[in-house]
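In UniProt numbering, the protein residues as written are 1 to 311.
Put into structure tokens, the structure is as follows:
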């Protein structure tokens, strides 16, 4: 350590007149291999992240209809406020945020708490079964849900028929299509959040449970006054990531309903896809993308600030 400090001190020392000393030149030469190793990563970051990001922002100021690009300034962003489909897609995202995310997080917390109890047999098997949907291919599970929810001969309607209930037009009715999308997302991502919360539960010191038991706290009091406060950082993480996921929702809606019926399940990313790759209006699609970036950042900051405040 003494030697490294000596080299570092020499590296910062300059000779009279501002020229670098021999120690500084030696330290610089020793740092060069590290810079060469970092160069490929920096180049990839510039090519695949910074360049597309800058190009997308620049493109949002152009209108690209008909294969010709015309500079239109902020017109694409002003158009967002006049487009009813933008508002409708944001409404779908808001519905998922308000309805699906709380249901999914509550289910994940409940399942994680139960599967963290020592008296539950085959805990590992149950954890694996609940987590499996998270590693299932998005397209595969969406197709399975679509087949299950088919009006004629779908598995869900056959089950309802056993109990004497009439068939439901899951994918062609606006209200039921939203239910179908919310159910499919919940089925897939509950296990993923459960595993994260389970890790948080296992990090809670056993002494806290013992102290609560000695104080005479019941299971509900222990859960509310010990478990929930200790899980606060984990819950913040799962809520924020679930919110970002809801704003980026595409696959389920695209395969299950295609955004229909009557754009009832249209999400911002699905609308962006339709504008960009079906209407070839890339400038407007870029403006939608940047609206989502700003919106996601604002919501994430608000959630962090609200949820991190101590009660």
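Note that CB positions come from ideal geometry on N, CA and C, so glycine has one too.
**Message:** Taking 7 Å as the limit between beta carbons, can you name the residues of its chain near residue 181, skipping five residues before and five after?
**Reply:** Result list for residue 181: 252, 253, 256, 257, 265, in chain order.
**Asked** In three-state DSSP terms, what is residue 69?
**Response** Of the three classes helix, strand and coil, the one that applies to residue 69 here is coil, per DSSP.
**Request:** Out of 40, 70, 76, point me to the one whose CA is closest to residue 289's CA.
**Result:** Comparing Cα positions, the closest option is 76.
**Message:** Comparing C-alpha positions only, which one of 297, 246, 271 sits nearest to residue 94?
**Reply:** Checking every option, the nearest Cα to that of residue 94 belongs to 246.
**Prompt:** First and last residue of the alpha helix (DSSP H) that includes residue 319?
**Reply:** A query on residue 319 cannot be resolved here, the shown segment of the chain reaching from 1 to 311 and no further.
**Item:** Residues near residue 262 in its chain [Cβ-Cβ closer than 8 Å; skip 5 each side]
**Value:** Excluding residues within five positions, the ones whose Cβ falls inside 8 Å are 174.
**Prompt:** Expressed to the nearest angstrom, what Euclidean distance is found between the alpha-carbon atoms of residue 221 and residue 185?
**Reply:** If I take the Cα positions, the gap works out to 31 Å.
**Residue from 53, 38, 62, 50 with nearest C-alpha to residue 393** = This structure cannot speak to residue 393, because the chain is shown only from 1 to 311.
**Message:** Can you confirm whether the region 194 to 201 touches the region 109 to 124 when touching is taken to mean that 3 or more C-beta pairs between the two stretches lie within less than 8 Å?
**Reply:** In short, these stretches touch, since the Cβ pair count reaches three.
**Request:** Compare the beta carbon distance of residue 307 and residue 236 with 8 Å and say whether it is the shorter of the two.
**Result:** Yes, these two residues count as a Cβ contact at 8 Å.
**Request:** Spatial neighbours of residue 267 within its chain, please: CB distance less than 7 Å, with the 5 preceding and 5 following residues excluded, ordered by chain position.
**Result:** Closer than 7 Å at Cβ, skipping near neighbours: 89, 92, 93, 249, 250, 253.
**Asked** Run through DSSP, which three-state label would residue 63 get?
**Response** If DSSP states are grouped into helix, strand and coil, residue 63 belongs with the strands.
**Request:** Quick one: residues in its chain with C-beta nearer than 6 Å to the C-beta of residue 86, no 5 flanking neighbours on either side, listed in chain order?
**Result:** 80, listed in sequence order.
**Message:** Is the separation between the beta-carbon of residue 60 and that of residue 286 shorter than 8 Å?
**Reply:** The beta carbons of residue 60 and residue 286 sit closer together than 8 Å.
**Backbone CA spacing between residue 33 and residue 45 [nearest angstrom]** = Going from the Cα of residue 33 to the Cα of residue 45 covers about 19 Å.
**Item:** Cα-Cα separation between residue 161 and residue 137, rounded to whole angstroms
**Value:** So the alpha carbons of these two residues sit roughly 30 Å apart.
**Request:** Indicate the three-state DSSP secondary structure (helix, strand or coil) for residue 118 in the structure shown.
**Result:** Three-state result, residue 118: coil.
**Prompt:** What's the C-alpha gap between residue 53 and residue 293?
**Reply:** Rounded to whole angstroms, residue 53 to residue 293 spans 11 Å at the Cα level.
**Request:** Taking all protein chains shown into account, decide if residue 278 is buried (16 or more other Cβ within 10 angstroms of its Cβ) or exposed.
**Result:** Around the C-beta of residue 278, fewer than 16 other C-beta atoms lie within 10 Å, and the residue is accordingly described as exposed.
**Request:** Count the other C-beta atoms from every protein chain shown that fall within 10 angstroms of the C-beta of residue 130, then say buried if there are 16 or more, exposed otherwise.
**Result:** Buried, since its Cβ has 16 or more Cβ neighbours within 10 Å.
**First through last residue of the alpha helix (DSSP H) which encompasses residue 229** = In the DSSP assignment, residue 229 falls within the alpha helix (DSSP H) that extends over 228 to 247.
**Message:** I need the straight-line Cα distance from residue 271 to residue 207, nearest angstrom please.
**Reply:** Separation of residue 271 and residue 207 (C-alpha to C-alpha, rounded to the nearest whole angstrom) is 51 Å.
**Asked** Sorted by chain position, which residues of the same chain lie with C-beta nearer than 6 Å to residue 231's C-beta, five sequence neighbours on each side aside?
**Response** Cβ neighbours of residue 231 beyond the five flanking positions: 200.
**Item:** Inter-residue spacing [alpha-carbon to alpha-carbon] between residue 298 and residue 168
**Value:** Near 38 Å, if we compare the C-alpha coordinates of residue 168 and residue 298.
**Request:** Determine the DSSP secondary structure at residue 250, reduced to helix, strand or coil.
**Result:** In the structure shown, residue 250 adopts coil according to DSSP, grouped into three states.
**Item:** Three-state class that DSSP yields for residue 168 in the structure shown
**Value:** Coil, per DSSP.
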